[in-house]
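Written below as structure tokens is the structure these notes are about.
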Amino acid sequence: MKSILMIGMGRFGTHLCMNLAKLNNEIMIVDEYEEKLEDLLPYVTSAKIGDCTNVKVLESLGVSNFDLCIVCIGTNFQNSLEITSLLKDLGAKRVISKANREIHAKFLLRNGADDVIFPDRDIAEKMAVSLSDDEIFDYINLTDGYSIYEIAPLPEWIGKSILELDFRARYQMSIIGIKYGSHTQILPPADYIFKTDEHLMVICHHKAMDKIIKRR
Numbered sequence: 591m592k593s594i595l596m597i598g599m600g601r602f603g604t605h606l607c608m609n610l611a612k613l614n615n616e617i618m619i620v621d622e623y624e625e626k627l628e629d630l631l632p633y634v635t636s637a638k639i640g641d642c643t644n645v646k647v648l649e650s651l652g653v654s655n656f657d658l659c660i661v662c663i664g665t666n667f668q669n670s671l672e673i674t675s676l677l678k679d680l681g682a683k684r685v686i687s688k689a690n691r692e693i694h695a696k697f698l699l700r701n702g703a704d705d706v707i708f709p710d711r712d713i714a715e716k717m718a719v720s721l722s723d724d725e726i727f728d729y730i731n732l733t734d735g736y737s738i739y740e741i742a743p744l745p746e747w748i749g750k751s752i753l754e755l756d757f758r759a760r761y762q763m764s765i766i767g768i769k770y771g772s773h774t775q776i777l778p779p780a781d782y783i784f785k786t787d788e789h790l791m792v793i794c795h796h797k798a799m800d801k802i803i804k805r806r
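806 is the number that this note's numbering gives the last residue of the sequence shown; the numbers go up by one with no jumps.
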């Protein structure tokens, strides 16, 4: 559980807030407009109305007491940049800011953001991968070309074990989990035998996944 300050409660901020609350985080939300806060009151510890480009407003929030500050403003980049910079000046421990463009991300990182998130871009990438192949059910991008994929086993894998297929060496991917129904087995043993109605959670380079896709 973390203490989190969220600034800018648009659509992205609202959904993020609700999901963070479900994980039992303590959240304070801030926005200029009261109507954007009302529906979130059952989910948060406190809510404040205020313009966070005003340093006095931020000072009143005690930003250094939060584990994490998230700037969710996406429609006004100037405000997002100013708030990000002010948060760091006031001693915020960690600042994550939303960006819509790469150039925005560069400026945010130069002006105090510890991390930058691209929700629209990330969703588009995830959808593009899953929509391009019916056998890719989920996708999480990691770094340097590596990702975690949820895939169905190839027909020729069914009835064979991980060891028998020499899976890691032959396909340049590692199995981190097996999903069947509502159950997930983490790090299956080498003698695990693949079945039809299951999904594999694998980590690999995108080039290795491209080869699997071409085999289907």
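Ideal placement from N, C-alpha and C gives every residue a C-beta, glycine not left out. Just so it is clear, the structure is predicted and the values come from calculations on it, not from any experiment.
- By the Cβ-count criterion, Met-591 is exposed, with fewer than 16 other Cβ atoms from all chains shown falling within 10 Å of its own Cβ.
- If you draw a straight line from the Cα of Ser-654 to the Cα of Asn-669, it comes to about 20 Å.
- DSSP places Thr-774 inside the beta strand (DSSP E), whose first and last residues are 773–776.
- The beta carbon of Phe-667 sits closer than 6 Å to the beta carbons of His-694 from its chain, once the five residues preceding and following it are set aside; these are given in chain order.
- Its chain contains Ile-748 as the residues whose beta carbon lies nearer than 6 Å to that of Thr-786, once the 5 sequence neighbours on both sides are disregarded; these appear in chain order.
- Residue pairing of Ala-718 in beta bridges, as defined by DSSP: absent, with no partner found.
- Fully contained in the region 644–695 are the following beta strand (DSSP E) runs of length 3 or more, in chain order: 658–661, 685–688.
- Boundaries for Ile-802: no beta strand (DSSP E) harbours it, while the alpha helix (DSSP H) harbouring it runs 796–805, taken from the DSSP string.
- Using a Cβ distance threshold of 8 Å, Glu-740 and His-796 do not count as a contacting pair.
- Residues of the same chain with a CB within less than 8 Å of the CB of Leu-648, apart from the 5 flanking positions on each side, are Cys-642, Ile-673, Leu-676, Leu-677, Leu-680 in chain order.
- Burial state of Val-645 is exposed, judged by a 10 Å Cβ sphere holding fewer than 16 other Cβ atoms.
- Closest by C-alpha distance to Ile-707, out of Ser-636, Ala-637, Glu-692, is Glu-692.
- Take the alpha-carbon of Pro-778 and the one of Ile-766: they are about 7 Å apart.
- C-alpha of Tyr-633 to C-alpha of Met-599: approximately 13 Å in a straight line.
- Per DSSP, reduced to three states, the secondary structure at Phe-784 is coil, with no helix or strand assignment.
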